[in-house]
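Asks:
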Amino acid sequence: MSRVQGQRSTTRQSQLPGTTRYYEPILPSGDELLTRRENDGLFRVAGNNIGMSKMGKYALTVALDIKTTSEFGIDVMALQETRRPWTPENRRQYDTQCRLMFPQGFRNTFSSPPWRFDESDYQAGGTILSANSRAVGRIEQTGSDQLGRVCWMTFRGKRDEGIMIVSGYRTPHKKSDRPGSTTAFTIQWEALRKLGVKDPDPRQRFLDDLSKLIEEKRAEGYRPIIAMDANEDWVNNSHPNEKERLRKFLERNQLIDPFYEKFKTSPRTYERGPSRLDYIFIDPALKDAVRRVGYLGSQEGNMSDHTMCYVDFDSKTLFRGILNRPVDLPSREFLLTQADKVLKFTCILRRLQEEHKIRERVFKLARCFAEHGKTADNVKKYQTIDKEHTELILCAASQAGHKEFGYVRSKLLTEAGQTVILYKALLSSEKRKELWEIQKRADEERVKWIEELAQDRTRALGNENWEAKMLEMKRTAEEQMVNKRLSTVLNGGHTRLTMIQVPTHDWFYSKESKELFHYTEGVFECYPIKPDGTFFPHHTLKVLEKDAIRVRVLELAHNSGFAIEEELPESHLWRDVTDQQEIEDLLLQRNKRHLQQIEKEEGPSTRPPLSELFAGFGINSKVDELLTTGTYTTEHEVSPEMADWMKCVQRSNHEESAPVMGCMTKKQYQESFRKANEKVSSGGSGLHYTLWKAMAAQNDMAEFLCIMISLPFMHGFACERWLHGIDVMLEKKKGVRMIHMLRIIGLIEADFNTALKFYLASQMMQNAERDGLTDAQWGGRKNRSSVDAAMLKLLIFECARIKKVTIADTMYDLVACFDRMKARLSNVIAQRALVDKTSSLPEQQWSRDSRGLSRRDLASSERTYGQVRGDCYVDGEVQGKGDVPSLWGNMSDTLLRAHEMGTSGLILNSPDLTKSIKHHNICFVDDNDGLVSADQTSELPASDAKEKMQHSAQRWNRIVNIPHQTVAFHKTNWSMATWEEKKKGELSMSEEDFGPLHVVDHHGGKAKINYLPPTEPNVGLGYRACPNGDQRFNFGFMKENTIELCNKVAASQFSPNMARKAFFGRLLPKNDYTMRVSYLTPKQCAQLDTIITSTFLPAMKLNRNMPRAVVFGPYKYGGMALPDANTRQSQLHIKYLLQQLRWNKTVANDFLVTLANLQLESGFVTPLFESDHPDLDYIEQGWLSSLRNRCIAMGATLWIEDAWAPRLQRENDVSLMEPLFCRNTLHEKGKILSFV
């Protein structure tokens, strides 16, 4: 990479004290501007406030900004504040100079206010948009603003879509600045007054008019790129009095700042100020086309006091078109919905199986295994049959799945495509136009083609009702079309991993966490600090902290650790890698190192006594002894935590549990594949779920296929085809492509994954549930969800506020828990649930031998990685294997039980002491909340709770270290709800900072768990729960998501049908998830309704001011049946409450305990949900009290069978609170309370 072309050096004059504030020269930021090369595939857009366009006075003199455009290889240059009246003469002069620099072609668009000063060549404001070279051929329309604020061009793309590039200048002045008569503000203000605007605000009017332009051009299919001098820093809120106008403009128009998206910084761009004023904003759909983005430094390019911003787009991606693309062709030979092809496939395959005698050979092989067991000869015969049968299946699928794209694309489209191939040779643009006109109507035309296909498929199914089949196929085709467009607009579509980021240095230091980071092989090794300021030699893998700086490190003698030698100057920490070969090399290296972390970190699981259990892949006499007695004979020291964990690994003696053997019957085989999802991706052999489901549905094939899948699990070997998987690399966070932040998703063979789900996810979990898994784990189990886990936390906080009990909560998160699961330990855990030893051997062999293709989205590498003799063990489970959630659920059961054995936990009793809320942990997969409560008799409950929490956190850290898990301390916080008397006789939640917790790891290194005040939300599982019950954060989270989705809908010009589907299929489920554990006020719900209706009603071609009775009313009364937020919230809450009460398990118990304490606080004898008393504002406001208030507003009551209520002691006794707060005497409440 070369330095920026045309860089000019400059000297700055010193300034006297007391004069204008001095600012340092601006350094380049972002990506480096590269030299343009012929056919580099880039489309470069730049923007710059040039202060004034300085056109030469002589014929051959070229303006500096024109030279800069040519010198830097800019395709479209947007210039602001040109300060010239763009009269016809000035335009001709500028065009003449452009012709000298761009003889191959150019096009300019100008804007300036009406010229009022004939004798002057100066006029404030003004913009230019200049395109040259290849970009000129794409220009369709140009335009400008009469006030000199914006000018724009539209560029033609593919599929009737394109882009619009705008050059805009927003005046920096406000009315209170009293600007001069020649300023852009005054000129615009006067012009707006003439247009009838009473009190114009040119700064806001600029944003409003630009929004109208964007909306208008988006409706025509153009996606905006806005290069502007906004005179506002939206990141740092440089104009607080204007209430973030620029940020709201971006949200309203669904624009993003590509520089901030990539670098998360906002560098200054104005030499005489501290803020970033100059931007290039883009449509979110164009983000994938961005290759480089940055700013030049002071006096680079144009000699201006503003720096130039630039974006390099990939030209092919930028102009490809997004919405009007045909539905993706299926990559498989056929789908199950294509009954005629399924029938053809099974017929061909059956004939091939008979020719090769597959059925007879399988039955004979099964008898050989039964007589002689797992011999080398038997295993070889199995592999031969499987390989041969695989080839037959693929052959049959290829013959049956001969591509006929009629169902996916219409017959007319296919014929037009064939015709265009011929006419391409003749360069006939007329036929290309005809092809495109048909392509645009492809979704409608293919519906006509469906009638013929429907008749073929109903005949294949033996059904005469082909018309019903045709209607079903039409509906499927329409749904595919709508869902594709919705996904493209709302989710950003599917993109390839064509770029990753790697660090520019190897050693980093975080002052916040006081940890040293070392980058190696695609991961960051994190070293904790010692008391003397040096760093331990041991490490764990961790995400690089945000405040990390580059350092030079000295390795201490005798492998005793590291020391920082010096801090290095600030520089870019990341570089982009776009070469596909280099990406492949880095990912293969990274994945292998990531899965070697268990062995390289040398935790307790790699050393005795625990390592003794892993001999023979976890199948040995010591494991048998452990599972039987809860301990085993060893010469090595066993820590108290490990001893407790071993007791929890002991197998239960539940008589109803049956051993999980390796045999799968024909019925079980067919049922397992019937449940499998056809659309799920699988390994690289080509045998996808569609083929297996089609074969499993045939009784004759299922008879021997169930034997083929059973033999490896019955006799303890692995099919060779199962040993090759695919690693799919996905972004863990959208848009973040740092190499250590990518997530591995494993694709394995469909039949192997189905077998794992049957043996471990189904049969093993049935045994585990019978034996009684702990109530603390809510992930990966039937009838348990993240909503339940979040509700338990919410009820605990609510009950603690009612009772004024001190509680503490630590929110743990584990680091890559699936990737750190030792496969040999998983085998021990499986045996605990009565899985036969040989049944788990195929999985063990897969874990040892297979780590397959590194797949970057759609492109697969031919090279692999895996276990190498003498190298560290490649271990760990992979997301995507069907048994991993179940194995983790059983393993976490042992960890949670061991933790409970040495901690006090949390207890909140009901008033009658018959029920209580008891929890040590509330866990969803790897997200765990550790809970404690202070003793009721404690004189210092806050100190008592913190001490218990410290002990609980330390014990949890030691216990999860046993199976080599580790806590992600950078994402872990703790909080406390305790009480203090701020007003006499009134307890309020304390906001005191109780400081961090300190935890010691197994090597002696310390980690810190930061304190989170009870006024701050616990972020987890998609919720924002506050211990003090504040719903502002949950509401803000929902509001932000709603605005984001609504802005995307508003910017996409959906049809009424698509808008309705977006509402019911995208927005409603998204809000329902959060709303289940929220209790928003009617005012907050009304705000959500306003945002939603103001977007979706116009999108449905309805008046946004339509009466709400019509909008929210039911169909039978002539309404539109759109649910309003308040009603929807009540529906979700009532349904969820009744469901849990009927199940009568943990959540129901916590509901009843919280309700009983709420009943006691109210002072009522009548059950609260049966009482029609008005709002009780003196009781604790929470989920239950909010639901009660809404029930009263609806005139509804709810009888809860097991709800507790105080009993009256004598006849004719009454509760004082009920008559005091009845409707007839409520207005006397103030007088009564004053008297009391």
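Anchor point for the sequence shown: position 73 equals 73 in full-length UniProt numbering, and the numbering is continuous, going up by one each time. Glycine included, C-beta positions come from ideal geometry on N, C-alpha and C.
1. What residues are listed by DSSP as bridge partners for GLY47?
2. Based on Cα-Cα distance, which residue from ALA339, GLN383, MET976, LYS287 lies nearest to ASP993?
3. So, helix, strand or coil for LYS316, using DSSP?
4. Tell me the DSSP secondary structure of MET1100 in three-state form.
5. List in chain order: all unbroken beta strand (DSSP E) runs of 3+ residues lying wholly within the segment 98 to 186.
6. Any idea what DSSP makes of VAL362, helix, strand or coil?
7. Give the DSSP bridge partners of GLN777, in chain order.
8. Just curious, the beta strand (DSSP E) that PHE517 is in, first and last residue?
9. Along the chain, where does the alpha helix (DSSP H) that runs through MET729 open and close?
10. Can you tell which of GLY603, LEU192, SER130 has its C-alpha closest to the C-alpha of HIS1003?
11. Straight-line CA distance for MET1217 to LEU1160?
12. Check the Cβ-Cβ distances between THR127 and every residue of chain C, and say whether any is below 9 angstroms.
13. Considering only residues of the same chain and omitting the five flanking positions on each side of TYR865, which have a CB-CB separation below 7 angstroms?
14. How many Å lie between THR754 and GLY882 at the Cα?
15. For THR69, count neighbouring Cβ atoms within 10 angstroms of its own Cβ and tell me buried if that reaches 16, exposed if not.
16. Look up residue 1240 in the DSSP assignment and say whether it is helix, strand or coil.
17. Do the CB positions of ILE66 and GLN97 come within less than 9 angstroms of each other?
18. Suppose contacts are defined by Cβ-Cβ distances below 9 angstroms. Is ASN921 in contact with TRP888 by that definition?
19. List the endpoints of the continuous beta strand (DSSP E) containing GLU555.
20. Three or more C-beta pairs closer than 8 angstroms, one from the segment 558 to 565 and one from the segment 477 to 497: is that the case here?
21. Please report the straight-line C-alpha distance between PRO172 and LEU1068, rounded to a whole angstrom.
22. Is the beta carbon of GLN123 less than 9 angstroms from the beta carbon of SER112?
23. Do the segment 949 to 964 and the segment 818 to 828 make contact, defined as three or more Cβ pairs closer than 8 angstroms?
24. Which whole-angstrom value is the C-beta distance of SER685 and ARG721, which I expect to be below 8 angstroms?
25. Looking only at C-alpha atoms, which of TYR279, MET473, GLY373 sits nearest to ASP339?
26. By the 10 Å Cβ neighbour count, where 16 or more other Cβ atoms means buried, how is MET738 classified, buried or exposed?
27. Here's the rule: buried if 16 or more other CB atoms are within 10 angstroms of the residue's CB, otherwise exposed. What is LEU250?
28. Is the segment 939 to 957 close to the segment 830 to 837, with three or more CB pairs under 8 angstroms?
29. How long is the line joining the alpha carbons of GLY995 and LEU1158, rounded to whole angstroms?
30. Determine the direct distance from the alpha carbon of GLY1022 to that of VAL787, and round the result to whole angstroms.
31. In terms of residues, what are the limits of the beta strand (DSSP E) holding THR810?
32. Three-state secondary structure (DSSP) at ARG721?
33. May I ask you to report which of helix, strand or coil DSSP gives GLY1162?
34. Kindly confirm or deny that the segment 928 to 936 and the segment 807 to 815 touch, where touching means at least three C-beta pairs closer than 8 angstroms.
35. What number of angstroms, rounded off, separates the C-alpha of MET708 from the C-alpha of VAL649?
36. If you draw a straight line from the C-alpha of PRO1219 to the C-alpha of LYS248, how long is it?
Replies: Checking against the coordinates, here is how it stands:
1. ALA78, CYS309
2. MET976
3. helix
4. coil
5. 106 to 111, 127 to 132, 139 to 144, 150 to 156, 162 to 169
6. helix
7. CYS923
8. 515 to 520
9. Boundaries for MET729: no alpha helix (DSSP H) harbours it, while the beta strand (DSSP E) harbouring it runs 726 to 731, taken from the DSSP string.
10. GLY603
11. Between the C-alpha atoms of MET1217 and LEU1160 there is a straight-line separation of about 11 angstroms.
12. Included in the structure is just one protein chain, with no chain C present.
13. LEU588, ASN591, LYS592, ARG851
14. 7 angstroms
15. buried
16. Absent from the model: residue 1240. The displayed extent of the chain is 1 to 1236, so no value can be given.
17. Result yes, Cβ atoms of ILE66 and GLN97 sit closer than 9 angstroms.
18. The criterion of a C-beta distance shorter than 9 angstroms is not satisfied by ASN921 and TRP888.
19. 549 to 555
20. no
21. 41 angstroms
22. yes
23. yes
24. Yes, they are in contact, since the Cβ atoms of SER685 and ARG721 sit about 5 angstroms apart, within 8 angstroms.
25. One point to set straight first is that residue 339 is Ala, not Asp, in the sequence displayed. With distances taken between Cα atoms, ALA339 lies closest to MET473.
26. buried
27. buried
28. For the pair of segments examined, the segment 939 to 957 was found not to touch the segment 830 to 837: the number of CB pairs separated by less than 8 angstroms stays below three.
29. 32 angstroms
30. 9 angstroms
31. Counting along the chain, THR810 sits inside the beta strand (DSSP E) bounded by residues 807 to 813.
32. helix
33. Strictly speaking, residue 1162 in this sequence is Ser, with Gly absent from that position. DSSP places SER1162 in helix when its eight states are reduced to three.
34. Contact between the segment 928 to 936 and the segment 807 to 815 is present: three or more C-beta pairs spanning the two stretches fall below 8 angstroms.
35. One C-alpha to the other measures close to 33 angstroms.
36. 51 angstroms
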